[in-house]
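Novice: So the sequence shown is numbered by the numbering used here: it starts at 72 and just counts up by one.
A virtual CB, placed ideally from N, CA and C, is assigned to each residue, including glycine.
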Amino acid sequence: MPSPTKHPESRLSAAAKACAKKCQVLDDELGMEKTITHRRRIYKEAISPEHKKEEEKVLRKVDHGLIPILGFLHSHPDLDRINLSKARVAGMNKDMCFDIWNRYSFASLVVEIAATIEIAIGGHFLVIGFLDTMLASNNMQGFTQRELENMLGHIDLDRCDSEPDKLTWAKFRTHVAA
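Listed below in structure tokens is the structure:
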């Protein structure tokens, strides 16, 4: 099992490593600053076949977890309330027979409050959390360490040259303590 600190670029094929080397040579010739790290996007043909198989396995796992949840949310009728109110404002009350009964009831209010509380308490069991949080809390939810590193590597490569900001007391007081 690879170490968690190992960067995903270390599992790339020889073609990807050669491409990264060429990019480094070009950066040196152009006189790019050494203090800035320039990460290049890795093209799909440069990724090893084993790595592609791992990606497909992870994508299937994520899809099997998210598609039923998103299907339920799409079919839930309360999610369409905003369209109903827009139709009323547009004057379609009589055309669409909205005046039959009051659509908002006490039962709907109770169900919405209970659903909100349940989602707040048990939501992390239903939806895949942020990968960094999953790694930090050791809450893997069916993923192996290597699969999480694979997903984090893709997120890191998609960010290109982003560097995380350092946490300072001023930022902490501004965002957390307020």
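Can you check whether the CB of V129 is closer than 9 Å to the CB of N221?
Specialist: Residue 221 sits at position 150 when you count from the first residue of the sequence shown. Residue 129 sits at position 58 when you count from the first residue of the sequence shown. Yes, the Cβ-Cβ distance between N221 and V129 is below 9 Å.
Novice: Is the beta carbon of G142 closer than 9 Å to that of G213?
Specialist: Counting from 1 along the sequence shown, the entry for residue 213 is found at position 142. Counting from 1 along the sequence shown, the entry for residue 142 is found at position 71. No, the Cβ-Cβ distance between G213 and G142 is not below 9 Å.
Novice: Any idea if T108 is buried or exposed, counting beta-carbon neighbours within 10 angstroms, 16 or more meaning buried?
Specialist: Locating residue 108 in the sequence shown gives position 37, where the first residue counts as 1. The predicted position of T108 is uncertain, since its pLDDT is 42 and thus under 50; a value taken from the coordinates is nonetheless stated next. Classification of T108: exposed, given that the 10 Å Cβ count is below 16.
Novice: To the nearest angstrom, how far is it from the Cα of M163 to the Cα of G193?
Specialist: Position 92 of the sequence shown holds residue 163. Position 122 of the sequence shown holds residue 193. In a straight line, the C-alpha of M163 is about 39 Å away from that of G193.
Novice: Just how far apart, CA to CA, sit F243 and M167?
Specialist: Against the sequence shown, residue 243 aligns to sequence position 172. Against the sequence shown, residue 167 aligns to sequence position 96. In this structure, the alpha-carbon of F243 lies about 51 Å from that of M167.
Novice: Applying the 10 Å Cβ sphere with the 16-neighbour rule, what's the burial state of E125?
Specialist: Counting from one through the sequence shown, the residue named residue 125 turns up at place 54. Looking at its Cβ environment, which holds 16 or more other Cβ atoms inside 10 Å, E125 is buried.
Novice: Distance check for H225 and A178, CA to CA, integer angstroms please.
Specialist: Locating residue 178 in the sequence shown gives position 107, counting from the first residue. Locating residue 225 in the sequence shown gives position 154, counting from the first residue. Looking at the two C-alpha atoms, the distance is approximately 45 Å.
Novice: Mapping DSSP to helix, strand and coil, what is L238?
Specialist: Position 167 of the sequence shown, counted from the first residue, corresponds to residue 238. Coil, per DSSP.
Novice: Between I140 and K92, what straight-line distance do the alpha-carbon atoms span, to the nearest angstrom?
Specialist: Here residue 140 is taken as the residue at index 69 of the sequence shown, counted from 1. Here residue 92 is taken as the residue at index 21 of the sequence shown, counted from 1. Their Cα atoms are separated by approximately 43 Å.
Novice: Sort W240, A186, K132, R217 by Cα distance to L144 and report the nearest one.
Specialist: The residue given as residue 144 occupies position 73 in the sequence shown. With distances taken between Cα atoms, L144 lies closest to A186.
Novice: Could you give the DSSP three-state label for F214: helix, strand or coil?
Specialist: Counting from 1 along the sequence shown, the entry for residue 214 is found at position 143. In the structure shown, F214 adopts coil according to DSSP, grouped into three states.
Novice: Does the Cβ-Cβ distance between E218 and K132 come in under 9 Å?
Specialist: Within the sequence shown, residue 218 is the residue found at index 147, counting from 1. Within the sequence shown, residue 132 is the residue found at index 61, counting from 1. Cβ distance < 9 Å, so E218 and K132 count as in contact.
Novice: What separation, rounded to the nearest whole angstrom, lies between the Cα atoms of E121 and T215?
Specialist: Against the sequence shown, residue 121 aligns to sequence position 50. Against the sequence shown, residue 215 aligns to sequence position 144. One C-alpha to the other measures close to 16 Å.
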